[in-house]
Amino acid sequence: MKRRLALAVVVGTLATPLLSGVASAGPPSQASGPPRAGCPAGWITGQPQEGHPAEAFDLNGDTYVCGLLLPAGGFAFMDNVVR
């Protein structure tokens, strides 16, 4: 039970900054324009806040990444490269 609760806290901590970028009214100040590509089906496109670990997955430099909530808990990230 404690392990499941700890996992939920970690998932929430990682997902909240990414999802808040998706739901915000406008792009963050570090945005360099519209996304250069999209995400696979089932993934969401978002802009992680500055300092979020998902920033490391932005390989094309457009400040957008794809995120996926994993069924077993946790979150996966990848660059938005699907055209």
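Reminder that position 73 of the sequence shown reads as 72 in numbering that gives the first Met the number 0, one-by-one numbering, no gaps. By construction, the Cβ of each residue, glycine as well, lies at the ideal position given by its N, Cα and C atoms. Note that the structure is a prediction, hence the values are computed from the model and not measured.
query, result
"Within a Cβ cutoff of 7 Å, which residues of the same chain sit near E54, ignoring the five residues on either side of it in sequence?", "P47"
"How many Å lie between M77 and I43 at the Cα?", "10 Å"
"Do the CB positions of Y63 and G45 come within less than 8 Å of each other?", "yes"
"How would you call G60, buried or exposed, if buried means at least 16 neighbouring beta carbons within 10 angstroms?", "exposed"
"Would you mind reading off the limits of the beta strand (DSSP E) that contains A55?", "Segment: none, A55 is in no beta strand (DSSP E) and carries neither H nor E."
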